[in-house]
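The listed protein sequences correspond, in order, to chains A and B.
The numbers in our numbering rise by one with no breaks, and the one at position 29 of the first sequence is 29.
The numbers in our numbering rise by one with no breaks, and the one at position 116 of the second sequence is 116.
Report on the structure given below.
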Amino acid sequence: MDGAEMSIYARMKGAEPLLSVRNLSKFYGSRIGCADVSFDLYPGEVLGIVGESGSGKSTLLSCLAGHQTPDEGRIAFDGRDMIAMAEPERRRLARSEQAFVHQSPRDGLRMGVSAGGNIGERLMAVGARNYGAIRETALDWLGRVEIDGARIDDRPSAFSGGMQQRLQIARNLVTAPRLVFMDEPTGGLDVSVQARLLDLLRGLVRDLGLSVVLVTHDLAVVRLLAHRLMVMKSGHVVEQGLTDQVLDDPQHGYTQLLVSSVLQV
Amino acid sequence: MITLKDVSKTFTLHNQGDGQSGAVIPVMAGVSLSVAPGECVALTGRSGAGKSTLMRMIHGNYLAASGEILVGGLDVAKASPREILALRREVLGYVSQFLRVVPRVATLDVVAEPLLTLGIPATEARARAATLLARLNLPERLWSLSPTTFSGGEQQRVNIARGFIHPYPAMLLDEPTASLDAANREVVLSLILEARARGAAILGIFHDEDARARVCDRLLDVTGFTPGLAA
Ligand SMILES: Nc1ncnc2c1ncn2[C@@H]1O[C@H](COP(=O)(O)OP(=O)(O)OP(=O)(O)O)[C@@H](O)[C@H]1O
Ligand SMILES: Nc1ncnc2c1ncn2[C@@H]1O[C@H](COP(=O)(O)OP(=O)(O)OP(=O)(O)O)[C@@H](O)[C@H]1O
Ligand SMILES: [Mg+2]
Ligand SMILES: [Mg+2]
């Protein structure tokens, strides 16, 4: 029996990380944005990042997504050096293989374009041309994120906050990215809408084998969504590990405070 | 299948106690034990002796301070998060005392989920979940509802169904019969006996002495591993 179990670890040994980050730092003048961050993210893994306001979560995420240039450190995506890469190549890669879900749907959607257009636009950006096929795919994705297909020609401004967020997710995932960055994707939504979104994200991660870097201040959200957890304080990673282990048996004093200051998660 | 060698556990509460180092609480020391395939071992000892703590360390939920925790060839005490996730997915089943799920997800899907993460098609996973829920006498009208509003005994049966949906070679059971009526308790005991018969290595906590006597091959009193309590 042991032989069979051993093979699952052997299988894992061969796998390469999709995203590999080493000693990443970003400074705003003399202020630390994030400092000396290192981790590996494997295909199908969700990495949660938590920490108090101003701890550097968004700074780290925007460096990873190439929205900002880090001052120090290395980022490799699928073995390719993302910092040394020429800008057009980096943009092409970011568009086709990565996606970014913003906290506010307004930052991630085009509010003046129909729901179908929001999804179709992404497909066209990676080369889709056939109108019928694009509309078909847009309809399929509206269904996947539980938006009635009859709403395909409505603008997102006519949608509720939860629907807008689901549309933003559809727009980002339609091109089948391998890596998705999310900054507080369930923030600002009421609890029952959050739950539905969490379930949707879990299913998509599992079925599409997505890798996700998820920034949130909500420990209940990471508990349910993230496989691994990184805790940040003042720009530094103070603790990282298996999500339930970090939450149930936190080793660092700061994590212990963070966990004990919320009601049972 | 499950082997512990000289395992210890301390909790360091940084924001309690006096001085810089916080309060350091040793809760387990010198734990060595072994559970073979096809064997069921019960952990015993008074409340607070460390039964659940020991189980959580084997599951990778609590970090061991020292020692080796071998499950199916993996040393959980030193394993990476990724390896522990693979262990939980494929090798080590766990029935915890409490159910923790995404609100609003239907019971049938909650139970089927461990199979979906193993890549088993949804229709097959749901069919197996339905069979198990029926066997545990959970009324079919509840299957499409989220278990978050269920009674204690109903939630426990959902938890048990999740833990037994895949034939894990190793299993941890924390009070699996605690809030069940006689009929459902019988179903759970027969599930445990079947798992043992197919070769699973099982470590359990049972406050129910009769249940313990019926399914366990031997008892292991953890009091001997509790610092300050050992005879
Ligand atoms: N554009 C900027 N210019 C100067 N300082 C910045 C800038 N962006 C962020 N900072 C500073 O960098 C630090 C980290 O900020 P960041 O936005 O990454 O925090 P965060 O963890 O995302 O916080 P929140 O939870 O409030 O979103 C803070 O001290 C912040 O004031
Ligand atoms: N996360 C934690 N932080 C600090 N101390 C803890 C933690 N978890 C458990 N302990 C302590 O470890 C000791 C063992 O607790 P544990 O829950 O393992 O006991 P038990 O034998 O399962 O008891 P019971 O029969 O009441 O369930 C107790 O003193 C408990 O307070
Ligand atoms: Mg932020
Ligand atoms: Mg206990």
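For each residue, glycine too, the CB sits at the ideal point set by N, CA and C.
Does DSSP put A:H102 in a helix, a strand or coil? For the purposes of this step, residue 102 of chain A is taken as residue 102 along the first sequence, with counting starting at 1. Coil.
With a threshold of 6 Å, establish whether the CB of A:Y28 neighbours any heavy atom of ligand 1. To locate residue 28 of chain A, count along the first sequence from 1; it is residue 28. A:Y28 has its CB nearer than 6 Å to a heavy atom of ligand 1.
Would you report the Cα separation of A:R110 and B:F98, rounded to the nearest angstrom? Here residue 110 of chain A is taken as the residue at index 110 of the first sequence, counted from 1. Here residue 98 of chain B is taken as the residue at index 98 of the second sequence, counted from 1. Cα to Cα, the separation comes out at about 43 Å.
Considering only the alpha carbon of each residue, which of A:G149, A:Q168 and A:V145 lies closest to A:E322? A question about residue 322 of chain A goes unanswered here, because the residues of chain A that appear run from 1 up to 265.
Select from the segment 204-236 of chain A all residues with a C-beta closer than 7 Å to any C-beta belonging to chain B, and list them in chain order. R206, L224, H227 and R228
Classification of B:A231 by the beta-carbon crowding that lies within 10 angstroms, buried from 16 upward: Residue numbering aside, residue 231 of chain B sits at position 231 when the second sequence is read from its first letter. In this prediction, B:A231 scores a pLDDT of 45, lower than 50, which makes its location untrustworthy; the coordinate-derived value is nonetheless stated afterwards. Per the 10 Å Cβ criterion, exposed.
Taking Cβ-Cβ distances shorter than 7 Å, what residues in chain B pair up with A:M12? Along the first sequence, read from residue 1 onward, the residue named residue 12 of chain A stands at position 12. Those within 7 Å of A:M12 in chain B are R82, E83 and A86.
Taking A:N118 as part of the alpha helix (DSSP H), name the residues at either end of that continuous run. Counting from 1 along the first sequence, the entry for residue 118 of chain A is found at position 118. Run containing A:N118: A115 to A125, per the alpha helix (DSSP H) assignment.
Determine, using beta carbons only, whether A:Q256 comes closer than 7 Å to chain B. Within the first sequence, the letter at position 256 stands for residue 256 of chain A. Closer than 7 Å to some Cβ of chain B, the Cβ of A:Q256 qualifies, so yes.
Simplified DSSP assignment, three categories, for B:K78: Stepping through the second sequence from its first residue, residue 78 of chain B is reached at position 78. Three-state result, B:K78: coil.
Quick one: using the 10 Å Cβ neighbour count with 16 as the cut-off for buried, is B:L118 buried or exposed? Your numbering for residue 118 of chain B matches position 118 in the second sequence. B:L118 should be labelled exposed.
Every unbroken alpha helix (DSSP H) inside the segment 142-178 of chain A [4 residues or more]: 161-173
Does ligand 1 have a heavy atom nearer than 6 Å to the CB of A:T59? As a first step, residue 59 of chain A must be located in the first sequence, where it is residue number 59. The answer is yes for A:T59.
C-alpha distance - B:R212 paired with B:A197, whole-angstrom precision: Along the second sequence, read from residue 1 onward, the residue named residue 212 of chain B stands at position 212. Along the second sequence, read from residue 1 onward, the residue named residue 197 of chain B stands at position 197. B:R212 and B:A197: Cα-Cα distance of roughly 16 Å.
Thinking C-alpha only, which one of B:L180, B:G73 and B:A125 is nearest B:L115? Taking the second sequence and counting its residues from 1, the one referred to as residue 115 of chain B is at position 115. Comparing Cα positions, the closest option is B:A125.
Quick test of your reading: B:P26 and A:H227, contact by CB under 8 Å. State the CB separation rounded to the nearest angstrom. Locating residue 26 of chain B in the second sequence gives position 26, where the first residue counts as 1. Locating residue 227 of chain A in the first sequence gives position 227, where the first residue counts as 1. Contact doesn't hold; Cβ gap of about 30 Å is too wide.
Where the segment 36-56 of chain A meets chain B: residues whose CB sits under 8 Å from a CB there: Listed by position, the residues of the segment 36-56 of chain A near chain B (Cβ gap below 8 Å) are Y42 and E45.
If we count the other Cβ atoms within 10 Å of its Cβ and call it buried at 16 or more, is B:G156 buried or exposed? Stepping through the second sequence from its first residue, residue 156 of chain B is reached at position 156. According to the sequence provided, residue 156 of chain B is Gln. The question's Gly does not apply to it. With 16 or more other Cβ atoms within 10 Å, it is buried.
So that I know if they touch, is there some Cβ in chain B lying closer than 7 Å to that of A:A99? Walking along the first sequence from the start, residue 99 of chain A turns up at place 99. Chain B contact via Cβ: absent.
Sorry if obvious, but does the Cβ on A:G33 come closer than 6 Å to a heavy atom of ligand 1? Along the first sequence, read from residue 1 onward, the residue named residue 33 of chain A stands at position 33. Answer for A:G33: yes, Cβ within range of ligand 1.
May I ask which residues mark the beginning and end of the alpha helix (DSSP H) holding B:L54? On the second sequence, position 54 is the one that residue 54 of chain B refers to. Note, B:L54: alpha helix (DSSP H), K51 to H59.
Check the Cβ of B:T44 against every Cβ in chain C and list those closer than 8 Å, keeping chain order. Looking for chain C here will not work: the only protein chains present are A and B.
For the segment 235-242 of chain A against the segment 39-53 of chain B, are there 3 or more C-beta pairs whose distance is under 8 Å? no
Measuring CA to CA, which of B:V111, B:D217, B:K5 and B:V76 is closest to B:A201? Indexing the second sequence from 1 puts residue 201 of chain B at position 201. With distances taken between CA atoms, B:A201 lies nearest to B:D217 out of B:V111, B:D217, B:K5 and B:V76.
Taking A:Q240 as part of the alpha helix (DSSP H), name the residues at either end of that continuous run. Working through the first sequence from its first residue, we reach residue 240 of chain A at position 240. Note, A:Q240: premise wrong, no alpha helix (DSSP H); beta strand (DSSP E) at H236 to L242.
At a cut-off of 6 Å, would you count B:S21 as near ligand 1, judging by its Cβ distance to the nearest heavy atom? As a position in the second sequence, residue 21 of chain B is number 21, starting the count at 1. Answer for B:S21: no, Cβ out of range of ligand 1.
Three-way DSSP call (helix, strand, coil) for A:S192 in this model: Working through the first sequence from its first residue, we reach residue 192 of chain A at position 192. Three-state DSSP puts A:S192 in a helix.
Would you report the Cα separation of A:R80 and A:L18, rounded to the nearest angstrom? In the first sequence, residue 80 of chain A corresponds to position 80, counting from 1. In the first sequence, residue 18 of chain A corresponds to position 18, counting from 1. About 10 Å.
Can you find a C-beta in chain B that's less than 7 Å from the C-beta of A:L200? Along the first sequence, read from residue 1 onward, the residue named residue 200 of chain A stands at position 200. Judged by the 7 Å Cβ criterion, A:L200 is not in contact with chain B.
Close Cβ partners of B:A29 (< 7 Å) along its chain, the five nearest in sequence each way excluded: Residue numbering aside, residue 29 of chain B sits at position 29 when the second sequence is read from its first letter. Non-local C-beta neighbours of B:A29 in its own chain, meaning closer than 7 Å and more than five positions away in sequence, comprise S8, F225 and P227, ordered along the chain.
Does the segment 157-166 of chain A touch the segment 100-114 of chain A, meaning 3 or more C-beta pairs lie closer than 8 Å? With the cut-off at 8 Å, the segment 100-114 of chain A and the segment 157-166 of chain A touch.
Near ligand 4, which residues have their beta-carbon closer than 6 Å to a heavy atom? B:K51 and B:S52
What would DSSP say about B:A197, mapped onto helix, strand or coil? In the second sequence, residue 197 of chain B corresponds to position 197, counting from 1. Secondary structure of B:A197 (DSSP, three-state): helix.
Please confirm whether A:L219 and A:V262 have their CB atoms less than 7 Å apart. Within the first sequence, numbered from 1, the residue matching residue 219 of chain A stands at position 219. Within the first sequence, numbered from 1, the residue matching residue 262 of chain A stands at position 262. Yes, these two residues count as a Cβ contact at 7 Å.
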